[in-house]
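Trainee: So the protein lines, in turn, are chains A and B. Going by our numbering, the first sequence opens with residue 1, and the numbers climb by one from there. Going by our numbering, the second sequence opens with residue 1, and the numbers climb by one from there. Backbone N, C-alpha and C define an ideal beta-carbon position, used for all residues, glycine too. I am attaching a structure below and will ask some questions about it afterwards.
Number of protein chains: 2
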Amino acid sequence: MAEVRTSDTRERILDAGERLFMAHGYEGTSMRQITGEAGVNLAAVNYHFGSKEALMQEVFRRRLDWLNEERMRVLDLMEAEAEGKPLKPSQIVDGFFGTLLRMAGDEKRGGVTFLRLLGRTLTEPSEFIRAFLAHEYQVVMERYKEALFRSLPEVPKAEIIWRFHFMLGATSYAIAGTDALRLVTDWQIEDEDSIDRLDRLVPRLMSFLLGGLRSPLPQFSETTADRK
Amino acid sequence: MAEVRTSDTRERILDAGERLFMAHGYEGTSMRQITGEAGVNLAAVNYHFGSKEALMQEVFRRRLDWLNEERMRVLDLMEAEAEGKPLKPSQIVDGFFGTLLRMAGDEKRGGVTFLRLLGRTLTEPSEFIRAFLAHEYQVVMERYKEALFRSLPEVPKAEIIWRFHFMLGATSYAIAGTDALRLVTDWQIEDEDSIDRLDRLVPRLMSFLLGGLRSPLPQFSETTADRK
DNA sequence: CTTTAATTCATACGTTCGTTTTAATCATAG
DNA sequence: CTATGATTAAAACGAACGTATGAATTAAAG
Numbered sequence: 001m002a003e004v005r006t007s008d009t010r011e012r013i014l015d016a017g018e019r020l021f022m023a024h025g026y027e028g029t030s031m032r033q034i035t036g037e038a039g040v041n042l043a044a045v046n047y048h049f050g051s052k053e054a055l056m057q058e059v060f061r062r063r064l065d066w067l068n069e070e071r072m073r074v075l076d077l078m079e080a081e082a083e084g085k086p087l088k089p090s091q092i093v094d095g096f097f098g099t100l101l102r103m104a105g106d107e108k109r110g111g112v113t114f115l116r117l118l119g120r121t122l123t124e125p126s127e128f129i130r131a132f133l134a135h136e137y138q139v140v141m142e143r144y145k146e147a148l149f150r151s152l153p154e155v156p157k158a159e160i161i162w163r164f165h166f167m168l169g170a171t172s173y174a175i176a177g178t179d180a181l182r183l184v185t186d187w188q189i190e191d192e193d194s195i196d197r198l199d200r201l202v203p204r205l206m207s208f209l210l211g212g213l214r215s216p217l218p219q220f221s222e223t224t225a226d227r228k
Numbered sequence: 001m002a003e004v005r006t007s008d009t010r011e012r013i014l015d016a017g018e019r020l021f022m023a024h025g026y027e028g029t030s031m032r033q034i035t036g037e038a039g040v041n042l043a044a045v046n047y048h049f050g051s052k053e054a055l056m057q058e059v060f061r062r063r064l065d066w067l068n069e070e071r072m073r074v075l076d077l078m079e080a081e082a083e084g085k086p087l088k089p090s091q092i093v094d095g096f097f098g099t100l101l102r103m104a105g106d107e108k109r110g111g112v113t114f115l116r117l118l119g120r121t122l123t124e125p126s127e128f129i130r131a132f133l134a135h136e137y138q139v140v141m142e143r144y145k146e147a148l149f150r151s152l153p154e155v156p157k158a159e160i161i162w163r164f165h166f167m168l169g170a171t172s173y174a175i176a177g178t179d180a181l182r183l184v185t186d187w188q189i190e191d192e193d194s195i196d197r198l199d200r201l202v203p204r205l206m207s208f209l210l211g212g213l214r215s216p217l218p219q220f221s222e223t224t225a226d227r228k
């Protein structure tokens, strides 16, 4: 009755879009599916957002704005407590990936649906999506990279960047791949090991990421001069 | 002249499909693009393969058949040499992921193009693709899983499966994400650290994977009873 | 109530999609 | 050369796509 409704339609479209883009990808989802599931008129998307591309961007912005702020906030907090001293790698990894993973338990912020969408979209071929995500991430990524450089001064920067990249991949798959996991295991994974038990996935993944991040530096066999 | 030509058209379509599916995804690639780039008639795809889906599957089968056999061959060889004793984790990881990564240098087997396609497709939303890949991988995956179980008897099986999954993710991203890497670094990565230097990526990734695989087991905070 | 702006609705537009059909062309065997 | 089967070519199919339009409906202001 006395609702403050900021256009209920907008939110319904965003929710439906989030779920369908996650399930079928950007190209694989039609406006008719979205408006159908949202229970609104076909023209509503173009009225409220302008285009399908703009809708996709808004689906992400709605969640990423918060995630970026939260990641910044956590990092600021930790660095303030450290009083100028470098952070521990485990703190940085938790600030970046832990913050992300904990979103999965927060239905108000999209929950697992958004996380799976995000994970899948990082490999999404569509040009405009990757460009948009890169822009959205840029500032936060830079801060965390710097923190890692300070935290691991003995490790070459290029190596850290690569390992950051590897960590991103492992994390995305861990979330996006409910189904990709079936590649590895037929026998349905047992109750307490299920993908839905986010509280168990987080420490599992964290331990893997840290192990990778801190593993011995690779030995490049042979000189590099005798190759192209 | 005296060519044994097994229909040149077929191969041209497969090559064009491989490249375009890699660049724009399955849904994002049209048959007109494929036949256009291949320089063949539009109807040729349906004539030679039956449908777009069937073409996609053939694109993968052409490469995966060899990859699966090679992975099996390498594992058989190592296990024969071990004479019943468990393999080292590094051997198994290299047999599975190293064999894959070395395909990138083999243009005759699709090179980086196919590897990027494969990496992206693991998160591809299209149902039939994931089902197809799961089926193709099943047998080989089972063998490597068993080898890992034997190699790390003190680690719970569920934990190994998860870490296998994480390794898959890190590897896929490492290959597929030339562009996703731009998320992490603006400044174009230097010559010898470029993504194209496969000979440097392999030891880098291998060291990361092994570090993650052998990292300390996670401590699950609190009991599991007080949660849903 | 009347007016005005915001939103929703049904409908249609012009393209592009994957696939099919029918005819033309090619290679090869008798 | 002729006959036959395999391949290529040109054209069209209906369906689905994202988007735009103008009328109907709703909500808020005067």
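Chain B beta carbons: is any one of them nearer than 7 angstroms to that of A/Pro218?
Mentor: Output row for A/Pro218: interface = yes.
Trainee: Scan the segment 79-166 of chain A and note each continuous beta strand (DSSP E) run of 3 residues or more that stays entirely inside, going in chain order.
Mentor: Correct list: empty.
Trainee: Do the segment 152-159 of chain B and the segment 41-58 of chain B meet, that is, are 3 or more Cβ pairs less than 8 angstroms apart?
Mentor: Counting Cβ pairs under 8 angstroms, fewer than three are found: no touch.
Trainee: Report the residue from B/Arg12, B/Gly28, B/Arg73 whose alpha carbon sits nearest the alpha carbon of B/Val45.
Mentor: Cα-wise, what sits closest to B/Val45 is B/Arg12.
Trainee: Can you check whether the C-beta of B/Gly211 is within less than 7 angstroms of a C-beta belonging to chain A?
Mentor: Judged by the 7 angstroms Cβ criterion, B/Gly211 is in contact with chain A.
Trainee: Decide if A/Ala138 is buried, meaning its Cβ has at least 16 other Cβ atoms within 10 Å, or exposed.
Mentor: At residue 138 of chain A the sequence reads Gln, which differs from the Ala that was named. When all chains shown are included, A/Gln138 counts as exposed.
Trainee: Determine the direct distance from the alpha carbon of B/Arg61 to that of B/Leu14, and round the result to whole angstroms.
Mentor: If you take the alpha carbons of B/Leu14 and B/Arg61, they lie about 11 angstroms apart.
Trainee: Cβ of A/Pro89 less than 7 angstroms from any chain B Cβ?
Mentor: It does not; no Cβ of chain B falls within 7 angstroms.
Trainee: Give the straight-line distance between the Cα atoms of A/Leu148 and A/Pro89, rounded to the nearest whole angstrom.
Mentor: Distance between the alpha carbons of A/Leu148 and A/Pro89: 7 angstroms.
Trainee: Pull up the distance between the alpha-carbon of B/Gly17 and that of B/Leu75, whole angstroms please.
Mentor: Using only the alpha carbons, I get a separation of about 31 angstroms.
Trainee: Between B/Arg130 and B/Met22, is the Cβ-Cβ spacing less than 7 angstroms?
Mentor: Their beta carbons are not under 7 angstroms apart, which means B/Arg130 does not touch B/Met22 by this criterion.
Trainee: Using a Cβ-Cβ cut-off of 7 angstroms, state whether A/Ser30 counts as contacting chain B.
Mentor: No, A/Ser30 does not count as interfacial toward chain B.
Trainee: By DSSP, does A/Gln219 sit in helix, in strand, or in coil?
Mentor: Here A/Gln219 sits in coil by DSSP.
Trainee: Would you say B/Gly25 reaches chain A, if we count a Cβ-Cβ gap shorter than 7 angstroms as a contact?
Mentor: Answer yes: the Cβ-Cβ gap between B/Gly25 and chain A drops below 7 angstroms somewhere.
Trainee: My output table needs one value for A/Ala43: the three-state DSSP class, helix, strand or coil.
Mentor: Of the three classes helix, strand and coil, the one that applies to A/Ala43 here is coil, per DSSP.
Trainee: Apply the 10 Å Cβ neighbour rule to A/Asp94 and answer buried if 16 or more other Cβ atoms are within range, or exposed otherwise.
Mentor: Buried, by the Cβ-count rule.
Trainee: Within 7 angstroms (strictly less), CB to CB, does B/Gln188 reach chain A?
Mentor: Unreliable placement is indicated for B/Gln188, whose pLDDT of 49 sits below 50; the coordinate value is still reported in the next sentence. So no, B/Gln188 is outside the interface.
Trainee: Show which residues of chain B have a CB atom less than 9 angstroms away from the CB atom of A/Met103.
Mentor: Correct list: empty, because the minimum Cβ distance to chain B is about 18 angstroms.
Trainee: Please report the straight-line C-alpha distance between A/Met206 and B/Arg214, rounded to a whole angstrom.
Mentor: About 13 angstroms.
Trainee: When you compare each of B/Leu122, B/Trp66, B/Glu146, B/Ser126 to B/Gly110 by their alpha carbons, which one comes out closest?
Mentor: It is B/Trp66.
Trainee: Measure the C-alpha to C-alpha separation of A/Ser51 and A/Glu136 and round it to an integer number of angstroms.
Mentor: Roughly 20 angstroms separates the two Cα atoms.
Trainee: Within the same chain, show all residues whose beta-carbon is closer than 8 angstroms to that of A/Met167, passing over the 5 residues directly before and after it, in chain order.
Mentor: Within the same chain, A/Met167 has close Cβ partners Val93, Phe97, Leu209, Gly212, Leu213.
Trainee: When you compare the CB of A/Arg204 with every CB in chain B, is at least one pair closer than 7 angstroms?
Mentor: Yes - at least one Cβ of chain B is within 7 angstroms of the one on A/Arg204.
Trainee: Counting only C-beta atoms, is A/Tyr173 closer than 7 angstroms to chain B at any point?
Mentor: Yes, A/Tyr173 lies at the interface with chain B (some Cβ there is under 7 angstroms from its Cβ).
Trainee: Taking the CB atoms as reference points, tell me whether B/Leu87 and B/Ser30 lie closer together than 7 angstroms.
Mentor: Taking 7 angstroms as the Cβ cut-off, B/Leu87 and B/Ser30 do not qualify as a contacting pair.
Trainee: Using the Cβ count rule (16 or more neighbours within 10 Å means buried), how would you classify B/Ala232?
Mentor: Residue 232 of chain B lies beyond the residue range present for chain B, which begins at 1 and ends at 228; the question has no answer from this structure.
Trainee: Note down, in chain order, every chain B residue with its Cβ under 8 angstroms from the Cβ of A/Leu152.
Mentor: Chain B residues near A/Leu152: none, gap ~13 angstroms exceeds 8 angstroms.
Trainee: If you check the beta carbons only, do A/Thr113 and B/Thr123 fall under 7 angstroms apart?
Mentor: No, the Cβ-Cβ distance between A/Thr113 and B/Thr123 is not below 7 angstroms.
Trainee: For B/Ala176, return the contacting residues in chain A, with the cut-off set at a CB-CB distance below 8 angstroms.
Mentor: Within chain A, the residues near B/Ala176 are Thr123.
Trainee: Below 7 angstroms between beta carbons: does that hold for A/Pro125 and B/Gly28?
Mentor: A contact, by the Cβ cut-off of 7 angstroms.
Trainee: Reducing DSSP to helix, strand and coil, say where B/Thr171 ends up.
Mentor: Three-state DSSP puts B/Thr171 in a helix.
Trainee: Would you identify the three-state DSSP class for B/Arg214, choosing helix, strand or coil?
Mentor: Looking at B/Arg214 - three-state DSSP - the assignment turns out to be coil, as it is neither helix nor strand.
Trainee: Along the segment 152-169 of chain B, what residues have a CB closer than 8 angstroms to any CB found in chain A?
Mentor: Within the segment 152-169 of chain B, the qualifying residues are Ala158, Glu159, Ile161, Trp162, Arg163, Phe164, His165, Phe166, Met167, Leu168, Gly169.
Trainee: Just reading off the alpha helix (DSSP H) that B/Glu37 is part of, what are its end residues?
Mentor: It spans 31-38 - the alpha helix (DSSP H) in which B/Glu37 sits, taken as one unbroken run.
Trainee: If you run the structure through DSSP and keep just helix, strand and coil, what is A/Phe49?
Mentor: Note: A/Phe49 maps to coil in three-state DSSP.
Trainee: According to DSSP, simplified to helix, strand and coil, what is B/Glu27?
Mentor: Of the three classes helix, strand and coil, the one that applies to B/Glu27 here is coil, per DSSP.
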